[in-house]
Every structure is written in C-alpha cells, then in structure tokens.
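Respectively, the protein sequence lines represent chains A and B.
1 is the number of the first residue of the first sequence in the working numbering; add one for each residue after it.
1 is the number of the first residue of the second sequence in the working numbering; add one for each residue after it.
Think of the CB as a built atom: it goes at the ideal place given N, C-alpha and C, for glycine as much as any other residue.
Fair warning: this is a prediction, and the values are worked out from it, not measured in the lab.
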Amino acid sequence: MLQLFFTDLAEFHFLQNALITAVAVGIVAGVIGSFIILRGLSLMGDAISHAVLPGVALSFMLHIPMVIGAAAFGILAATIITLIKQFSAIKSDTAIGITFSTFLALGVILIGLVHTTTNLFHILFGNVLAVQDADRNLTLGIAAAVLVLVGLFFKRLRLTSFDPMMAQAMGIRTNFYHFLLMIMLTLVAVVSMQSVGTILIVALLITPAATCYLFADRLVVMVIASGLLGGLISLVGLVFGYTHNIAVGSCIVILGALVFVVCFPFSKKQHLITRPLGGKNV
Amino acid sequence: MLQSVSFTLPAGCLVSIIGPNGAGKSTLIKAMLSLIPHRGRTLFDQQDLHAVARHVAYVQQKSGLDLTFPITVCECVALGRQADANAFGHVRGATEAVAQALAQVEMADFAARPLSQLSGGQLQRVLIARCLVQNAQLLVLDEPFVGIDVQSEAAIMAVLRAQKRAGKTILIVHHDLKTVPDYFDWVVMLNRALIAAGPVATTFTPDNLAATYGLPQPAEKGAPDASAIFH
C-alpha cells in the first residue's frame, strides 16, 4: 500500500499537491481548532464552514478570488451570530442553526446557477486529488499566515479563551480577539474545503483538538500536538483513501474519530482506566 | 434588575457587598466593571472606572471558570501581567512577579501544577496571586471564600489586609455575615436596590440587616431577632 503510494507520489504532480495541501490544512485546522473547542465554539466552526458557500459561488460569478468571497460571507455569518446572541434573548445554538442553514441553502442555490468546473459535490465533500498549483499555494500562504497570527497573539488568545471576564475588566478588547479568531477560522474553512469539504470541516477542526485536550496540561502543548495530529491524520487518511480508492476527506475524518475513541479511555481528565468501577470523577 | 444604587467608598479599605441570593451583588460589580449593559457611572479617583481599567483586578466566582482549561498555576498567575502588555500580549518582568506573588499566597511549590489539580482553596489563592501580579489599585472579588478551607481563607485574608495597608481598595461579594465585622471596614447592603452603605461599625446594624434580608424589624414584638441570621 505504502509502496504504491510513494511510487505514485514521485510520479504524479496532482498527488504531490494533494499531500502538501492535506497536511497543511490538517496542521492549521488542528491549531485553530484548539481555540475553537476551548471557547465552546465548535458549532460556530460548523456554521462558518457552511456559511462560506455562497461566498464561493459569488466569487465564481464575479470572477474574484474565491478566498475573498468566502471570507466575506464567513465573517458576515460570525457577525450575525454574535449580534443575535448579544442583543436578543435567542440562545447561541439557535442563532447558529438559523444562520448556517440559511447560508448553506443560499450557497447551494448560487452554486447551481454558476457554470463552473467546480462540482458542488466536491465543495461539499472535498476533492483533494484535484487541487491545482494555485490552490496549493493559496493553502500554504493562508496556513502560514494563520500560524504566524496565532504565534503573535498566542498570549492574548489564551487569556481571552480562559477568562474573558477578567480580560474585559482589565480593559482588553475581547471582541477584537474574538473576531480575529473568526477571521482565522473563516480562512481555515476556505482552504479546508478542498481537503475534506464544507460538510466535514468541523471534524478536522475539533477532533484532533479534542483528542489533545484529553491529555494536555498546557495550552501551548495542546495547540502544537493538535496541529501535528491534524497533519498526521490528514497524511494517513490521504494514503489510505488514495490506495483504496475511497473518498480521502471522509477517510481523514473517520481516522480522526478513531484516534479520539482509542485515546479517550486513557485521558487524564477522564480517569476511566484508573478510577474504580462505578466510581465518579472527583 | 438592580436599581437606585449610589454610594461612595474611601480608598484603601476592605469593603464587603452583602445581601440575600438574587439581591444583585454580582450584577452590581459586573455593571461597575462594564461587563454587562447598564445605566449609570462608576468613578474611581474622579475618573471613569472603565478608562482606568488597567488598575482593576477582577476575580469572578470559581464556578464561572473552566477548570479543565489546559493551563498551569504559573501561567494562570502570569495572566495578571497582561494588563501591562502590548496588543500581542508581550510584557517584561512577568517571571519574577509571578514567583513573588505565588510566594505571598504560599503556593510557590505549585507553580508547575495544572490548574485542574488544585483544591478550591488553592485555586482561590492562585487567583488572588493573579491580582497581586497585576498590581491593581482596585481588587474586585466575587465570593472568594465560598467552598474553601479555613487555612486558605486565613491566608487570603492576610494577603488582602497587606494589600489594604499598601493603599489598595478591595471590594468583595461576601456571604458569611459572622465574619463581616472582623474582615471589613465598610459594608454595602443590597436587595435589588441599595439598602445601606457605610462603615461597618455604624452600618452593619440589626435594622439594616433586617431590611436587607427581608426580616421583620427587631423592635416588633415577638419578631425573630435579625441577628439570628448570624447563626
């Protein structure tokens, strides 16, 4: 299996692009995912990844780079959800449900109107084997930019994730860091579309991060480990999907879930192995 | 809804905010710190409190924190230095300040421990150390003594008294009425509105307690003594 993959890797340019893109997306999704799950924004990740769809369609219509349209709609969705949450009695999950389903429906209609070589099925479920050089370069550029931003703002992101009330009380603009994270999340959602597709992005965002959360005592360790795990499962998922001729995106997602399930009983935070039968965590 | 609250506090004193459950104690401090929408102003040294937020250290109730968050004691205390950091969160001299603050609350040996492994009392000491590192002029603590051991309470009070002697003003939402005269200089009594505010000696009276906690006035014949709520 591995021999076939590496022989083809040396021979086919499309496979090289797929490998680079999948691993880059896995790493950056793992890193951003850490902040998403710690802030309780897993559903927001799902919402934004769906909300970028009309932006993608409009970008094709207007002949502008896909990332611009997608980012605009991602930020728009994040803003609408945040405003509904802050200024109404509607709960966060309800606001997310209304917004993302509306954006997704709009996206499906618009994609149907656009005459493009990009298949709706590929947007929804990803097709990493069809990644072009320009897409690969965009992914690498965005991944690098997001990693640099996380490195630069790491301390503030940690503070506003752990104790936003304290941060706000000492005069720090927590909304700035919230929207910075939403922008990064949108950018990651845009590049992840090629790897796992719009529907499954949330898995790539939260599964590696949730796995590392089970063991990490420090945020920096969790973020790095989650990035590495995201990269690794993307790599293995690509190899497995390619050699068995099954959907790579779904392989990556299922592999991530399997790693989580295997790790879960050994988590220090769960004490499933060490606590007495029938006992509860204290 | 909390309304009709207006009082003035002297600088450099320990102040308790007391009242029954649902009286608006936490709401009051959140409004003062502009953490929730509100009408009205809070002035600190004749300046709007929000404008001098750097000088405000706030510790919310322990139940509001995610105690499974991957962070060590040392990292948690260092968050207090973020008040002086640039937009990227970088600041100098954090390491020394953190070590000093942890020593003050007798938690130096726990620096590398994850926050999730601390007891309630240890956690509260760490949160107080975070305030010390911030070197704020106003400390606002929401029920810091709930669910902690006697030893930790004594250690925290010793640190807070030292802070008071250094000229800091400390505002504490408090439940244990028995300790009010011993711990605090001033008291703010609330029940959906301000009942009374002033020095403990003249304000913490059975009449005001009865009004705050909705008990009959002590003078009424056959009524239970308001001081019963001490026990």
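What are the start and end residues of each continuous alpha helix (DSSP H) run of 4 or more residues lying completely inside the segment 221 to 276 of chain A, in chain order?
DSSP runs (the alpha helix (DSSP H)) wholly in the segment 221 to 276 of chain A: 248 to 263.
According to DSSP, simplified to helix, strand and coil, what is A/Asp135?
Locating residue 135 of chain A in the first sequence gives position 135, where the first residue counts as 1. A/Asp135: helix per DSSP, three-state reduction.
For the segment 210 to 236 of chain A, enumerate the residues whose C-beta is nearer than 8 Å to any C-beta of chain B, in chain order.
Tyr213, Ala216, Asp217, Arg218, Leu219, Val221, Met222
Which full runs of the alpha helix (DSSP H) of 4+ residues lie inside the segment 39 to 97 of chain A, going along the chain?
You should have 42 to 51, 53 to 62, 66 to 87.
Across which residues does DSSP place B/Ile17 in a beta bridge pair?
Along the second sequence, one-based indexing puts residue 17 of chain B at 17. B/Ile17 pairs with B/Val173, B/Val188.
In whole angstroms, what is the alpha-carbon distance linking A/Leu58 and A/Gly197?
Residue mapping note: residue 58 of chain A aligns to position 58 of the first sequence, counting from 1. Residue mapping note: residue 197 of chain A aligns to position 197 of the first sequence, counting from 1. A/Leu58 and A/Gly197: Cα-Cα distance of roughly 18 Å.
Using CA atoms only, rank isn't needed, just tell me which of A/Phe60, A/Asp8, A/Leu228 is closest to A/Val114.
Working through the first sequence from its first residue, we reach residue 114 of chain A at position 114. Comparing C-alpha distances from A/Val114 to each of A/Phe60, A/Asp8, A/Leu228 shows the shortest one belongs to A/Phe60.
Counting only beta-carbon separations shorter than 8 Å, does A/Lys91 have a partner in chain B?
Translated into positions along the first sequence, residue 91 of chain A becomes position 91. Chain B contact via Cβ: absent.
Contacting positions in the segment 50 to 61 of chain B - beta carbon closer than 9 Å to chain A
His50, Ala51, Val52, Ala53, Arg54, His55, Val56, Ala57, Tyr58, Val59, Gln60
Where does B/Gly198 sit, in a helix, a strand or coil, going by DSSP?
In the second sequence, counting from the first residue as 1, residue 198 of chain B sits at position 198. In the structure shown, B/Gly198 sits in a strand (DSSP, three-state: E or B).
Could you name the residues of the same chain whose beta carbon sits closer than 6 Å to that of A/Ile84, not counting the 5 residues immediately before and after it, in chain order?
Counted from its first residue, the first sequence places residue 84 of chain A at position 84. The answer, listed in chain order, is Ile90, Ala95.
In its own chain, which residues sit with a C-beta less than 6 Å from the C-beta of B/Gln3, not counting the 5 before and 5 after it?
As a position in the second sequence, residue 3 of chain B is number 3, starting the count at 1. For B/Gln3, the CB contacts under 6 Å within the same chain, skipping 5 residues up- and downstream, are Ala193 in chain order.
I need the boundaries of the alpha helix (DSSP H) containing B/Asp182, first residue and last residue.
Locating residue 182 of chain B in the second sequence gives position 182, counting from the first residue. Note, B/Asp182: alpha helix (DSSP H), 180 to 183.
Tell me which residues share the same chain as B/Ala136 and place their Cβ nearer than 6 Å to its Cβ, disregarding the 5 neighbours each side in the sequence.
By 1-based counting over the second sequence, the position of residue 136 of chain B is 136. Listed in chain order, the non-local C-beta contacts of B/Ala136 below 6 Å within the same chain comprise His55, Val56, Ala57, local neighbours out to five positions each way being set aside.
Is there at least one Cβ from chain E nearer than 8 Å to A/Leu38's Cβ?
In the displayed structure, chain E is absent; the protein chains listed are A and B.
A/Val188 - containing alpha helix (DSSP H), residue span
By 1-based counting over the first sequence, the position of residue 188 of chain A is 188. Per DSSP, the unbroken alpha helix (DSSP H) holding A/Val188 starts and ends at 174 to 195.
Just to make sure I have the definition right: I need the residues of chain B whose C-beta is within less than 9 Å of the C-beta of A/Phe153. Which are they?
In the first sequence, counting from the first residue as 1, residue 153 of chain A sits at position 153. Ordered by position in chain B, the residues that pass the 9 Å Cβ test against A/Phe153 are Ala87, Phe88, Gly89.
For A/Leu149, collect the residues of the same chain with a Cβ closer than 8 Å to its Cβ; drop the 5 residues on either side in sequence, then sort them by chain order.
The residue you call residue 149 of chain A lines up with position 149 of the first sequence. The beta carbon of A/Leu149 sits closer than 8 Å to those of Leu180, Met184, all from its chain and outside the five residues before and after it, given in chain order.
Is B/Leu139 helix, strand or coil when you go by DSSP?
Position 139 of the second sequence, counted from the first residue, corresponds to residue 139 of chain B. Here B/Leu139 sits in strand by DSSP.
Own chain, CB closer than 8 Å to A/Leu129, minus 5 neighbours either side, in chain order
Indexing the first sequence from 1 puts residue 129 of chain A at position 129. If we look at A/Leu129 and ignore the five residues flanking it on each side, its Cβ neighbours are Phe14, Leu15, Ala18, Tyr242, Val248.
Where A/Thr7 falls: helix, strand or coil (DSSP):
Counting from 1 along the first sequence, the entry for residue 7 of chain A is found at position 7. Three-state DSSP puts A/Thr7 in a helix.
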